[in-house]
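Colleague: Protein chains in written order, with my numbering: chain A, 1 to 612; chain B, 1 to 188. Where is the CB? At the ideal position from N, CA and C, for every residue including glycine.
(1) Within 7 Å of any Cβ in chain B, is that where the Cβ of residue 177 of chain A sits?
(2) Starting from the Cα of residue 545 of chain A, find the closest Cα among A:26, A:100, A:179 and A:387 and give me that residue.
(3) Check whether the Cβ atoms of residue 556 of chain A and residue 440 of chain A lie closer than 7 Å to each other.
(4) Does the CB of residue 484 of chain A have a neighbour CB from chain B at under 7 Å?
(5) Check whether chain A comes within 7 Å of residue 140 of chain B, counting only Cβ atoms and requiring the distance to be less than that.
(6) Taking the runs of the beta strand (DSSP E) that are 3 residues or longer, which of them lie wholly in the stretch 529-568 of chain A?
(7) Using 10 angstroms around the beta-carbon of residue 110 of chain A, count the other beta-carbons present and answer buried if the total reaches 16, otherwise exposed.
(8) Taking Cβ positions only, does residue 534 of chain A come closer than 7 Å to chain B?
(9) Just to check my reading of the structure: residue 347 of chain A and residue 60 of chain A have Cβ atoms closer than 8 Å, yes? What is that Cβ distance to the nearest angstrom?
(10) Quick check: residue 115 of chain B and residue 85 of chain B, are their CB atoms within less than 7 Å of each other?
(11) Between the stretch 143-171 of chain B and chain A, which residues of the former have a C-beta closer than 8 Å to a C-beta of the latter?
(12) Check for me: the alpha helix (DSSP H) holding residue 456 of chain A runs from which residue to which?
(13) Strictly under 7 Å for the Cβ-Cβ distance: is residue 4 of chain A near chain B by that measure?
(14) Once you ignore the five residues that flank residue 151 of chain A on each side, which residues in its own chain have a CB closer than 6 Å to its CB?
(15) Assign residue 15 of chain A to one of two classes, buried (16 or more other C-beta atoms within 10 Å of its C-beta) or exposed (fewer than that).
(16) Residues of the stretch 104-128 of chain B in Cβ contact with chain A at a cutoff of 7 Å, in chain order, please.
(17) Would you kindly check if the distance between the Cβ of residue 267 of chain A and the Cβ of residue 331 of chain A is under 7 Å?
(18) Between the C-alpha atoms of residue 334 of chain A and residue 102 of chain B, what's the straight-line distance to the nearest angstrom?
(19) Find the nearest neighbour of residue 74 of chain B within the set B:94, B:81, B:44 and B:49, judged by alpha-carbon distance.
(20) Any contact of the stretch 500-514 of chain A with the stretch 78-95 of chain B, i.e. 3+ C-beta pairs under 8 Å?
(21) I'd like to know whether the C-beta of residue 59 of chain B is nearer than 7 Å to at least one C-beta of chain A.
(22) Closest to residue 212 of chain A by C-alpha separation, out of A:355, A:204, A:197 and A:224, would be which residue?
(23) Can you pull out the residues from the stretch 56-85 of chain B whose beta carbon lies closer than 7 Å to at least one beta carbon of chain E?
(24) Out of curiosity, what's the CA-to-CA distance linking residue 119 of chain A and residue 34 of chain A?
(25) Please name the residue or residues paired with residue 101 of chain B in a DSSP beta bridge.
(26) Can you list, in chain order, the stretches of the alpha helix (DSSP H) that have 4 or more residues and sit fully within the stretch 160-216 of chain A?
(27) Does DSSP classify residue 83 of chain A as helix, strand or coil?
(28) Which bits of chain B does residue 593 of chain A rub up against, with CB to CB less than 7 Å?
(29) If you compare alpha carbons, which of A:89, A:246 and A:23 is closest to residue 41 of chain A?
(30) Report yes or no: is there a C-beta of chain B within less than 7 Å of the C-beta of residue 546 of chain A?
(31) Can you tell me the Cα-Cα spacing of residue 153 of chain A and residue 146 of chain A, whole angstroms?
(32) Starting from residue 134 of chain B, find everything on chain A with Cβ-Cβ shorter than 7 Å and list it in chain order.
(33) Measure the C-alpha to C-alpha separation of residue 148 of chain A and residue 71 of chain B and round it to an integer number of angstroms.
(34) Using only the alpha-carbon positions, how far apart do residue 101 of chain A and residue 7 of chain A sit?
(35) DSSP on residue 167 of chain B, reduced to helix/strand/coil?
(36) Taking only three categories from DSSP, how would you classify residue 141 of chain A?
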């Protein structure tokens with residue numbers, strides 16, 4: 001059966017149109033009805049998902065990919081900028097995944113945000129975010145990617161600070177743009193380097209013209225950008241702080257889509273990154289450190305959403321490690337698998353928190369498996385997928401990554417850290433299941449526990465299908481872009497599984513009666529270290545603003561006001577003039593000594609002139 | 001306050017300076033509250049000046065302490081402790097709950113730095129030096145271990161690929177008439 005190439009373009013343009021149509025309509029129509037979100041936005045995203053399946057099927061069956069270049073923004077003699085879309089392996093797979101997850105989250109949000117007076121605006125923000133994300137993943141030039149990059153950043157800031165009446169919800173969103181801005185500096189540097197050296201921002205042209213260039217500086221800029229957006233170590237505190245926002249925001253932005261934008265950028269630029277061994281090593285080490293550090297933090301936190309946030313950061317570290325192994329397709333596979341089970345975990349957490357009357361502390365939960373069986377089951381499936389339980393979705397990507405690590409030539413410490421992170425993932429997953437779902441109830445007696453609402457259950461059911469089968473579908477239907485190592489010793493092959501089982505056994509021992517006797521207060525220093533995120537936010541978030549604000553105040557007050565405008569300006573005139581005035585007026589006092597002095601000085605001068 | 005302001009405005013108007021708007025404006029300015037005496041002045045040199053400054057800033061004399069007189073321009077403004085608003089009691093019924101401040105309280109010189117959205121000076125469970133040592137020690141340890149990991153990398157042992165039939169002699173275009181050189185891949 002023959003499909004013309006225009007089918008691919010048309011379906012994807014229709015997808016974008018379906019998403020933008022409700023937004024455009026809301027600008028021109030009368031005040032929106034209260035059910036606008038349910039009647040316009042959710043069906044639009046659902047429709048866009050089904051439409052986006054056609055290009056995916058065409059890609060899987062016929063290998064059809066396309067680059068579409070349309071309207072020209074700027075056309076100079078040497079530099080062109082146009083609106084261009086790249087519908088390739090990555091964008092054709094990610095778009096339906098993102099739309100599927102968004103559809104589920106929007107349906108959940110119609111229940112979660114039903115009491116919010118500005119629900120329509122909330123859905124509008126989510127829709128704008130989704131459009132920006134699709135612009136980012138389908139961009140064929142870096143300028144367009146940057147537009148999507150900034151778009152997702154702005155919407156994330158607006159959505160995290162949704163409940164602006166609370167001081168914490170006002171303060172914590174500011175961490176997100178401040179950390180992202182540091183990353184954006186790296187991206188802008190890379191853009192500037194490519195514009196000046198390669199004269200183009202089109203990806204095809206950049207990759208073709210790489211020969212002969214030292215690409216390490218722009219690649220470092222890209223890595224900084226990815227570190228900011230994807231919460232790598234050093235720019236990671238914004239991710240747990242972002243949990244102040246509503247749970248649908250955490251599920252969509254801070255687990256499935258926005259946080260992976262940094263990794264996606266590195267995947268897109270992988271032909272450039274692989275030319276710089278130093279950059280690959282940096283990605284490997286940074287990712288391993290992030291993965292292990294955030295997994296340690298997840299072990300000691302008690303806020304359900306924060307633990308899941310740290311888990312997200314740990315998986316992002318793993319994706320960065322995969323980039324460092326020069327396996328971008330594996331990183332992309334993990335992005336897709338991670339989107340399913342992590343979004344589901346966040347929706348489960350939202351349902352649990354709502355059922356317990358807003359309680360987020362896992363120490364005050366328990367025995368929910370009887371009262372919310374569906375949510376509990378989905379929660380368990382999600383955490384098992386996260387640990388890499390064989391043949392769930394997480395297994396196909398995570399196991400492949402660990403195999404690639406153990407069969408590669410790489411930094412030993414990075415390998416050790418990643419294996420530790422894998423074990424810790426199993427430990428905190430078991431810890432979550434134990435505290436949240438078993439054994440005895442520790443919550444308030446009268447709570448609105450219930451999951452009979454289909455708007456809660458249907459999204460969870462949809463995502464659990466993805467968490468169970470997506471891995472199998474993806475690996476059966478889509479060929480890997482690089483050939484994996486086929487032969488290895490059985491120990492290497494089973495490393496991921498053995499490490500996960502070890503973590504599970506350690507966690508089970510801790511929750512057993514014999515292990516429960518070990519108190520955390522016996523080891524206060526490591527516990528403090530991880531529960532305070534390595535003291536990094538405390539030190540950096542207090543020192544940096546204090547120094548900059550103090551210097552700013554000193555500069556404005558003393559340097560500018562007192563020095564430039566007083567000491568060097570008007571006062572300097574008086575200060576410099578005063579000695580001259582004093583000397584001159586001293587000489588005009590009419591003293592005989594002064595007259596005699598000048599007489600003899602003049603006489604000496606005349607004599608010397610006559611003699612010489 | 002409103003009554004005092006109105007009285008000043010009426011007095012300014014009754015002085016009859018100018019007409020119309022030019023009479024109204026000084027009156028409005030007089031009604032805006034606060035006089036020149038409420039503004040910060042020079043460094044208090046005598047105990048009486050200190051007491052007057054303390055009263056001006058709505059503080060007790062024993063609590064009032066000006067900035068050192070080093071020509072930095074602080075005048076008689078009180079030197080308040082460098083504590084952020086985040087440290088204040090969240091459950092107290094403040095006049096301004098978001099600022100955690102009561103009306104009439106003296107404001108810190110750097111009050112904009114110590115709002116709840118900015119620098120937080122709340123006490124931490126560990127001292128600043130301990131936190132610095134631990135964090136930088138951790139980062140230093142990681143850097144060192146990454147360096148060691150680069151010196152001793154992890155890899156699977158590899159060897160040159162071995163082919164059968166005397167290293168595929170015929171397939172590589174070897175002369176079938178000649179006896180091929182025997183290739184021994186391994187010995188047992």
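Modeller: So, from the data block:
(1) As a position in the first chain, residue 177 of chain A is number 177, starting the count at 1. Not a single CB atom of chain B sits nearer than 7 Å to the CB of residue 177 of chain A.
(2) Indexing the first chain from 1 puts residue 545 of chain A at position 545. With distances taken between Cα atoms, residue 545 of chain A lies closest to A:179.
(3) Along the first chain, read from residue 1 onward, the residue named residue 556 of chain A stands at position 556. Along the first chain, read from residue 1 onward, the residue named residue 440 of chain A stands at position 440. It is not a contact, given that the beta carbons lie outside the stated cut-off.
(4) Sequence index remark: in the first chain, residue 484 of chain A carries index 484 (1-based). With 7 Å as the cut-off, residue 484 of chain A does not count as an interface residue toward chain B.
(5) Translated into positions along the second chain, residue 140 of chain B becomes position 140. Using a Cβ-Cβ cut-off of 7 Å, residue 140 of chain B does not count as an interface residue toward chain A, since no Cβ of chain A sits closer than that to its own.
(6) Listed in chain order, there is nothing to give.
(7) For this step, residue 110 of chain A is matched to residue 110 along the first chain. Its Cβ being crowded by 16 or more others within 10 Å, residue 110 of chain A is buried.
(8) For the purposes of this step, residue 534 of chain A is identified with residue 534 of the first chain, where counting begins at 1. Judged by the 7 Å Cβ criterion, residue 534 of chain A is in contact with chain B.
(9) Here residue 347 of chain A corresponds to residue number 347 of the first chain, with the count starting at 1. Here residue 60 of chain A corresponds to residue number 60 of the first chain, with the count starting at 1. Here residue 347 of chain A is actually not in contact with residue 60 of chain A; their C-beta atoms are around 28 Å apart, not less than 8 Å.
(10) Looking up residue 115 of chain B in the second chain gives position 115. Looking up residue 85 of chain B in the second chain gives position 85. A contact, by the Cβ cut-off of 7 Å.
(11) Residues 145, 146, 148, 149, 150, 152, 153, 154, 155 and 156.
(12) Taking the first residue of the first chain as position 1, residue 456 of chain A is located at position 456. 454-477 is the extent of the alpha helix (DSSP H) around residue 456 of chain A.
(13) To locate residue 4 of chain A, count along the first chain from 1; it is residue 4. Not an interface residue.
(14) By 1-based counting over the first chain, the position of residue 151 of chain A is 151. Answer for residue 151 of chain A: 132, listed in chain order.
(15) Within the first chain, numbered from 1, the residue matching residue 15 of chain A stands at position 15. So residue 15 of chain A counts as buried.
(16) Taken in chain order, the members of the stretch 104-128 of chain B whose beta-carbon sits within less than 7 Å of a beta-carbon on chain A are 110, 113, 116, 117, 118, 119, 120, 124, 125 and 126.
(17) Locating residue 331 of chain A in the first chain gives position 331, where the first residue counts as 1. Locating residue 267 of chain A in the first chain gives position 267, where the first residue counts as 1. The answer is yes: Cβ separation under 7 Å.
(18) Locating residue 334 of chain A in the first chain gives position 334, where the first residue counts as 1. Locating residue 102 of chain B in the second chain gives position 102, where the first residue counts as 1. The straight-line gap from Cα to Cα measures roughly 53 Å.
(19) Within the second chain, numbered from 1, the residue matching residue 74 of chain B stands at position 74. Selection B:94, B:81, B:44 and B:49 evaluated against residue 74 of chain B yields B:44 as nearest (Cα-Cα).
(20) No contact exists between the stretch 500-514 of chain A and the stretch 78-95 of chain B.
(21) The count along the second chain starts at 1 and reaches residue 59 of chain B at position 59. Chain A contact via Cβ: absent.
(22) Translated into positions along the first chain, residue 212 of chain A becomes position 212. When each option's Cα is compared against that of residue 212 of chain A, the closest is A:197.
(23) No chain E is present in this structure, whose protein chains are A and B.
(24) Translated into the one-based positions of the first chain, residue 119 of chain A becomes position 119. Translated into the one-based positions of the first chain, residue 34 of chain A becomes position 34. Roughly 8 Å separates the two Cα atoms.
(25) Translated into the one-based positions of the second chain, residue 101 of chain B becomes position 101. Answer is B:96, bridged to residue 101 of chain B.
(26) Restricted to the stretch 160-216 of chain A, the alpha helix (DSSP H) segments that are unbroken, complete and at least 4 residues in length are 167-171, 175-197 and 203-208, listed in chain order.
(27) As a first step, residue 83 of chain A is located in the first chain; it is residue number 83 there, counting from the start. When secondary structure is reduced to three states using DSSP, residue 83 of chain A falls in the strand class.
(28) Numbered from 1 along the first chain, position 593 holds the residue referred to as residue 593 of chain A. Near residue 593 of chain A there are no residues of chain B at all, since even the closest Cβ is about 38 Å away, more than 7 Å.
(29) The residue labelled residue 41 of chain A in the question sits at position 41 within the first chain. Checked all of A:89, A:246 and A:23; the closest Cα to residue 41 of chain A is A:23.
(30) Position 546 of the first chain, counted from the start, is the residue given in the question as residue 546 of chain A. Flagged as an interface residue toward chain B: residue 546 of chain A, by a C-beta distance shorter than 7 Å.
(31) Sequence index remark: in the first chain, residue 153 of chain A carries index 153 (1-based). Sequence index remark: in the first chain, residue 146 of chain A carries index 146 (1-based). Distance between the alpha carbons of residue 153 of chain A and residue 146 of chain A is about 10 Å.
(32) By one-based count along the second chain, residue 134 of chain B stands at place 134. Within 7 Å Cβ-Cβ: 529 and 535.
(33) Start at 1 with the first residue of the first chain, and residue 148 of chain A comes out as number 148. Start at 1 with the first residue of the second chain, and residue 71 of chain B comes out as number 71. Using only the alpha carbons, I get a separation of about 52 Å.
(34) As a first step, residue 101 of chain A must be located in the first chain, where it is residue number 101. As a first step, residue 7 of chain A must be located in the first chain, where it is residue number 7. Put simply, the backbone Cα of residue 101 of chain A is about 24 Å away from that of residue 7 of chain A.
(35) Against the second chain, residue 167 of chain B aligns to sequence position 167. Note: residue 167 of chain B maps to helix in three-state DSSP.
(36) For the purposes of this step, residue 141 of chain A is identified with residue 141 of the first chain, where counting begins at 1. It is a strand residue.
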